[in-house]
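Protein chains: 2
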Amino acid sequence: MRIAELSRQSGVPVPTIKYYLREALLPPGELTSPNQASYGEVHLRRLRLIRALVDLGQVPIARVKEILEGLDSDSMTLHEQIGRAHRAITPTRTPTATTDARTAATQQVNDLIARRDWTVEPDAPALTTLIETVAALRSLDQDHLVAFLDSYADAIEKFTALEVAAVTERTSPDQIAESVVIGTILGETLISSLRLLAQESISAARWRG
Amino acid sequence: MRIAELSRQSGVPVPTIKYYLREALLPPGELTSPNQASYGEVHLRRLRLIRALVDLGQVPIARVKEILEGLDSDSMTLHEQIGRAHRAITPTRTPTATTDARTAATQQVNDLIARRDWTVEPDAPALTTLIETVAALRSLDQDHLVAFLDSYADAIEKFTALEVAAVTERTSPDQIAESVVIGTILGETLISSLRLLAQESISAARWRG
DNA sequence: CGTGATGGATAGTAGCAGTATCCATTAATG
DNA sequence: CATTAATGGATACTGCTACTATCCATCACG
Numbered sequence: 046m047r048i049a050e051l052s053r054q055s056g057v058p059v060p061t062i063k064y065y066l067r068e069a070l071l072p073p074g075e076l077t078s079p080n081q082a083s084y085g086e087v088h089l090r091r092l093r094l095i096r097a098l099v100d101l102g103q104v105p106i107a108r109v110k111e112i113l114e115g116l117d118s119d120s121m122t123l124h125e126q127i128g129r130a131h132r133a134i135t136p137t138r139t140p141t142a143t144t145d146a147r148t149a150a151t152q153q154v155n156d157l158i159a160r161r162d163w164t165v166e167p168d169a170p171a172l173t174t175l176i177e178t179v180a181a182l183r184s185l186d187q188d189h190l191v192a193f194l195d196s197y198a199d200a201i202e203k204f205t206a207l208e209v210a211a212v213t214e215r216t217s218p219d220q221i222a223e224s225v226v227i228g229t230i231l232g233e234t235l236i237s238s239l240r241l242l243a244q245e246s247i248s249a250a251r252w253r254g
Numbered sequence: 046m047r048i049a050e051l052s053r054q055s056g057v058p059v060p061t062i063k064y065y066l067r068e069a070l071l072p073p074g075e076l077t078s079p080n081q082a083s084y085g086e087v088h089l090r091r092l093r094l095i096r097a098l099v100d101l102g103q104v105p106i107a108r109v110k111e112i113l114e115g116l117d118s119d120s121m122t123l124h125e126q127i128g129r130a131h132r133a134i135t136p137t138r139t140p141t142a143t144t145d146a147r148t149a150a151t152q153q154v155n156d157l158i159a160r161r162d163w164t165v166e167p168d169a170p171a172l173t174t175l176i177e178t179v180a181a182l183r184s185l186d187q188d189h190l191v192a193f194l195d196s197y198a199d200a201i202e203k204f205t206a207l208e209v210a211a212v213t214e215r216t217s218p219d220q221i222a223e224s225v226v227i228g229t230i231l232g233e234t235l236i237s238s239l240r241l242l243a244q245e246s247i248s249a250a251r252w253r254g
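Heads up: the protein sequence lines correspond to chains A and B, in order.
First residue of the first sequence? That's 46 in my numbering, and the numbers climb one at a time after it.
First residue of the second sequence? That's 46 in my numbering, and the numbers climb one at a time after it.
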């Protein structure tokens with residue numbers, strides 16, 4: 046398969062494929078002559094993964110690259126790969142809340158984690174986001190939402206465990222890393238759109254017209 | 046309060062505040078003389094809301110503007126305001142999946158909605174995202190995740206109902222719209238970070254070292 | 001043998017979210 | 001009251017991201 050065909054099958058424009066090749070998101074095709082390369086199923090698959098992460102998962106190209114490097118290296122534990130996926134979808138944040146709002150929020154989050162018996166490294170990317178979000182909600186007088194943290198955590202804990210179990214059971218070892226990454230990122234998109242649909246449905250019933 | 050003080054209290058640089066004023070995200074201060082305006086609590090509050098939506102909710106400035114216009118107009122029903130918030134966090138998507146992958150996914154999503162008795166308008170922004178995500182998951186051989194749709198929906202339905210109840214009960218009528226918008230957008234950030242923490246915790250227990 | 005596609009390199013673009021600069025005033029301070 | 005600093009408002013510039021566009025020497029194919 047040459048580049049035009051790869052473009053046709055994937056729906057990605059040729060210049061964009063060239064760009065991904067330049068950025069090494071996509072491995073080079075096999076050169077059959079100095080200016081002729083052939084691409085295979087691997088490239089098509091990879092291209093689909095890239096587009097899913099970029100379009101659906103809103104992951105920046107640079108982060109996609111890091112994730113793919115993780116998938117391609119066999120010296121990384123699954124836990125490390127998951128860490129990469131997490132970092133990819135968690136923008137690095139400069140703390141914005143005032144100091145004491147943040148210590149209060151930190152306290153609350155740490156309590157939650159302790160209650161749940163979660164093992165979380167203190168520099169986990171999602172931790173800062175959670176703390177900042179709690180602080181922001183309080184500063185916006187929305188403490189009632191913060192009060193839901195435990196209900197949210199209950200529900201989330203349940204299906205996360207199911208997810209992990211399903212992936213480990215139904216996926217061959219060499220595919221697990223990819224499955225976990227996809228599950229982490231596209232799973233979020235899935236959950237988010239389901240939530241919006243549920244909200245719309247409830248809101249329509251309650252406040253339409 | 047003049048601009049320097051507003052900047053100090055909010056942590057937002059003066060040029061950025063000027064930018065928000067230009068873009069009409071922030072209402073102008075009350076002019077006390079041709080080049081002197083005074084800002085109040087309203088501005089501080091609004092500024093906090095903007096930063097929360099932008100930094101935590103990852104909402105583009107243009108969308109924030111639409112949301113705020115919604116909040117400021119009293120001729121919009123709550124349902125319409127929620128629609129705005131939803132549109133603000135759902136990037137408009139050019140369908141990317143192949144035609145038959147999309148009809149299959151559409152079928153599956155419609156079945157789900159019917160099973161759940163949800164009322165969803167056919168042009169709901171989240172609907173396209175959900176369909177495209179399902180299609181993408183299948184094309185990436187991750188059907189097992191799609192099989193979780195119902196478990197996800199179960200959990201989500203439950204806490205969404207709780208959320209809506211809490212907001213309507215504990216918020217005064219003129220604050221409901223704002224609460225709903227914040228709940229929709231920052232709630233998502235909250236859920237997402239909780240999920241990542243839960244995942245990290247489970248993954249650490251299972252695959253660490 | 002001529003037309004069109006290809007790989008590779010380099011340059012250019014659009015959109016977003018601010019920053020920077022300037023200026024004519026006005027406020028604050030000594 | 002004179003000087004210094006801050007302000008509102010307008011306009012211009014910047015850095016970043018994710019592509020597009022162009023060019024060219026080389027191939028493939030009819």
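Even for Gly, the Cβ is constructed at its ideal location relative to N, Cα and C.
Remember, it's a predicted structure, so these values are computed and weren't measured experimentally.
In this structure, the CA atom of B/N80 is about 26 Å from the CA atom of B/E114. Here the stretch 170-178 of chain A does not lie against the stretch 202-217 of chain A, with fewer than 3 beta-carbon pairs under 8 Å apart. Take A/Q54, set aside five residues on each side of it, and the residues of its chain with a beta-carbon closer than 8 Å to its own are M46 and L89, in chain order. Within its own chain, the residues whose Cβ lies closer than 7 Å to the Cβ of B/T151, once the five positions on either side in sequence are excluded, are I176, listed in chain order.
Below the 9 Å Cβ cutoff, chain B contributes no neighbours of A/A146, its closest Cβ being approximately 11 Å away. In this structure, the CA atom of B/V226 is about 32 Å from the CA atom of B/T148.
The three-state reading of DSSP puts B/E75 in strand, counting E and B together.
Shortest Cα-Cα distance from B/L235 to any of A/A198, A/V87, A/T143 and A/S217 involves A/A198. Restricting attention to B/S184, B/W163 and B/R183, the CA atom closest to the CA of A/S246 is found in B/W163.
Against A/Q152, chain B offers no close residue; the least beta-carbon distance is about 16 Å (beta-carbon pairs closer than 9 Å).
Residue range Q81 to S83 is occupied by the beta strand (DSSP E) that includes B/Q81.
Within the stretch 117-187 of chain B, the runs of alpha helix (DSSP H) at least 4 residues long that lie entirely inside it are, in chain order, 123-134, 144-161 and 170-184.
At a cut-off of 9 Å between beta-carbon atoms, B/E166 makes contact with chain A. From the beta-carbon of B/T178, the residues of chain A found nearer than 7 Å are L101, L231, T234, L235 and S238.
With a threshold of 9 Å between beta carbons, B/I112 makes no contact with chain A. For A/G228, the enclosing alpha helix (DSSP H) begins and ends at P218 to W252.
Close to chain A, meaning a Cβ-Cβ distance shorter than 7 Å, are the following residues of the stretch 214-231 of chain B: R215, S224, I227, G228, T229 and L231. Inter-segment contact for the stretch 210-217 of chain B and the stretch 98-112 of chain A is absent: fewer than three beta-carbon pairs are separated by less than 8 Å. When the five nearest sequence neighbours on each side are left out, the beta carbons in the same chain lying within less than 6 Å of the beta carbon of B/Y84 are those of M46, L51 and G74, in order along the chain. Ranking B/P60, B/K203 and B/L190 by CA distance to the CA of A/E233 puts B/L190 first. Using a Cβ-Cβ cut-off of 9 Å, A/R161 counts as an interface residue toward chain B, since at least one Cβ of chain B sits closer than that to its own. For A/K203, the C-beta contacts it makes with chain B under 7 Å involve A200, in order along the chain.
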